[in-house]
Amino acid sequence: MKITRIETFLVPPRWLFCRIETDDGLVGWGEPVVEGRAEVVRAAVEVFAEYLIGQDPLRIQDHWQVLTKAGFYRDGPVLSSAVAGIDQALWDIAGKAYDAPVHALLGGPVRDLIRVYAWVGGDEPDELADGIAAQVEAGFTAVKLNACGRMSPIASSAEVDAVVARAAAARECLGPDRDFALDCHGRFTPATARRVLPELAPFRPLFVEEPVLPEHQHALASLVEASPVPLATGERIYGRAGFLPVLQAGTAVVQPDLSHAGGISEVTRIASLADTFGALFAPHCPLGPIALAASLQVGFATPNLLIQEQSLGIHYNKDADLLSYVVDPEPFRFVDGHAVRGQQPGLGVTVDEAAVRAADRDAAHKWRNPVWRHPDGTLAEW
Ligand SMILES: [Mg+2]
Numbered sequence: 001m002k003i004t005r006i007e008t009f010l011v012p013p014r015w016l017f018c019r020i021e022t023d024d025g026l027v028g029w030g031e032p033v034v035e036g037r038a039e040v041v042r043a044a045v046e047v048f049a050e051y052l053i054g055q056d057p058l059r060i061q062d063h064w065q066v067l068t069k070a071g072f073y074r075d076g077p078v079l080s081s082a083v084a085g086i087d088q089a090l091w092d093i094a095g096k097a098y099d100a101p102v103h104a105l106l107g108g109p110v111r112d113l114i115r116v117y118a119w120v121g122g123d124e125p126d127e128l129a130d131g132i133a134a135q136v137e138a139g140f141t142a143v144k145l146n147a148c149g150r151m152s153p154i155a156s157s158a159e160v161d162a163v164v165a166r167a168a169a170a171r172e173c174l175g176p177d178r179d180f181a182l183d184c185h186g187r188f189t190p191a192t193a194r195r196v197l198p199e200l201a202p203f204r205p206l207f208v209e210e211p212v213l214p215e216h217q218h219a220l221a222s223l224v225e226a227s228p229v230p231l232a233t234g235e236r237i238y239g240r241a242g243f244l245p246v247l248q249a250g251t252a253v254v255q256p257d258l259s260h261a262g263g264i265s266e267v268t269r270i271a272s273l274a275d276t277f278g279a280l281f282a283p284h285c286p287l288g289p290i291a292l293a294a295s296l297q298v299g300f301a302t303p304n305l306l307i308q309e310q311s312l313g314i315h316y317n318k319d320a321d322l323l324s325y326v327v328d329p330e331p332f333r334f335v336d337g338h339a340v341r342g343q344q345p346g347l348g349v350t351v352d353e354a355a356v357r358a359a360d361r362d363a364a365h366k367w368r369n370p371v372w373r374h375p376d377g378t379l380a381e382w
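Residue 203 in UniProt numbering is what sits at position 203 of the sequence shown, and the numbering runs on without skipping anything.
Here it is, written out as structure tokens:
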């Protein structure tokens with residue numbers, strides 16, 4: 001079997017899909033994207049396609065080696081995300097070639113259900129209560145919310161109070177048996193993180209995510225020391241080598257993104273590395289159906305999985321949502337807040353190719369993240 005064609009599709013709300021076709025007629029799908037830089041990743045996939053056309057798609061590990069290591073200059077979000085989407089598509093083809101779901105090829109299932117969480121996007125504690133109630137009503141047992149908006153370099157007393165109020169409101173709405181996580185989006189400086197994290201402990205969040213930027217991860221060990229709240233990070237870390245210092249710092253939960261961190265091949269290795277530290281694995285996935293399907297396949301075969309993010313109804317999903325490009329929504333029909341293991345071959349998702357081609361042709365997006373500024377005009381972390 002040989003790879004004969006590689007195409008990419010820029011589709012709303014902010015995604016890039018990749019389709020790999022073989023001379024046997026098998027087709028695999030992947031989602032190679034950096035949110036806000038989709039066109040750049042598309043160009044990287046086109047460069048990698050020069051090598052892949054004519055190759056045997058089943059030599060996944062060897063292709064991963066060549067794409068990540070045969071170039072003298074390597075790594076970074078763009079190249080790692082291009083490899084990630086290609087890798088997902090190759091595993092999809094392998095599953096179809098062997099007539100097995102990817103989790104079976106990864107060693108077989110270790111669980112039949114994966115707990116998933118839903119996003120709650122309200123900005124005020126009042127709206128938060130309504131948003132949480134709606135997700136509980138939909139069956140979810142865990143939610144995630146942003147901890148804050150724009151933050152001063154050292155959080156003011158009022159800013160600290162606002163974060164604490166959100167945690168308190170979430171705990172009150174959810175009661176003791178459900179969970180919430182707070183996403184800081186790298187908006188805290190280490191000083192602010194040291195100030196805020198201990199105050200969140202009484203509300204027992206499942207984890208607090210990205211308390212500081214990846215470039216400040218050398219501060220993580222001191223934050224772990226400063227607070228009993230489990231810390232999570234990883235959506236902006238792109239491979240095993242990047243996760244090692246984060247794990248050595250005592251991070252409780254690693255969050256590699258299947259579309260950024262080298263795909264199924266590398267994320268399974270990151271999960272294993274985390275396991276040697278007793279750390280848990282919770283793949284980042286605010287993306288589309290192919291990235292989520294890849295995440296779930298890994299999760300079904302990974303013992304130290306904690307929980308899975310998913311984007312149904314997330315605040316980013318304008319003009320299209322998780323189910324807009326799939327023929328069958330079944331893999332994403334959550335039962336009591338859990339994804340259910342299926343037996344479909346490959347990634348287990350059937351892409352609506354006509355819808356994808358039409359969206360790329362008629363509605364290709366130019367999504368960019370907002371640029372935030374502080375009141376004095378300086379750039380603020382979004
Ligand atoms: Mg996040």
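The beta carbon of each residue, even a glycine, is placed where N, CA and C say it ideally should be.
Here G149 is exposed: its Cβ has fewer than 16 other Cβ atoms, across all protein chains shown, within 10 Å. The three-state secondary structure of V326, taken from DSSP, is strand. These are the residues, in chain order, with a beta carbon less than 6 Å from any non-hydrogen atom of ligand 1: D183, H185, E209, E210, E235. Within the same chain, and ignoring the five residues on either side of G54 in sequence, the residues whose Cβ sits closer than 6 Å to its Cβ are K2.
Per DSSP, reduced to three states, the secondary structure at R14 is coil, with no helix or strand assignment. Following the DSSP letters along the chain, one finds D275 inside the alpha helix (DSSP H) bounded by residues 263 to 276. Within the model, the alpha-carbon separation for W64 versus V253 is close to 25 Å.
Judged by pairs of C-beta atoms under 8 Å, the segment 223 to 239 touches the segment 76 to 86, as three or more such pairs exist. Taking C-beta separations shorter than 8 Å and ignoring five residues to either side along the sequence, the partners of I60 in its chain run D87, L90, W91, A94, S265, following chain order. Taking the CA atoms as reference points, R5 sits about 41 Å from G139. As the crow flies, the alpha-carbon of T8 is around 13 Å from that of H365. In the assembly as shown, A291 is a buried residue. Its beta-carbon has 16 or more other beta-carbons within 10 Å. The C-beta separation of V116 from L128 comes to about 20 Å, leaving the pair out of contact by the 8 Å criterion.
The C-beta of L67 has 16 or more other C-beta atoms within 10 Å across all chains shown, which makes the residue buried. By the Cβ test, the segment 278 to 287 is not in contact with the segment 18 to 29, since fewer than three Cβ pairs between them sit closer than 8 Å.
Within the model, the alpha-carbon separation for A226 versus T141 is close to 28 Å.
With fewer than 16 other CB atoms across the displayed protein chains lying within 10 angstroms of its CB, I154 is exposed. With 16 or more other Cβ atoms inside 10 Å of its own Cβ, G346 counts as buried. Here the alpha carbons of A162 and K69 stand approximately 46 Å from one another. The beta carbon of L244 lies closer than 6 Å to none in the same chain, with the five residues before and after it left out.
Classified as exposed, V335 has fewer than 16 neighbouring CB atoms from the shown chains inside 10 Å of its CB.
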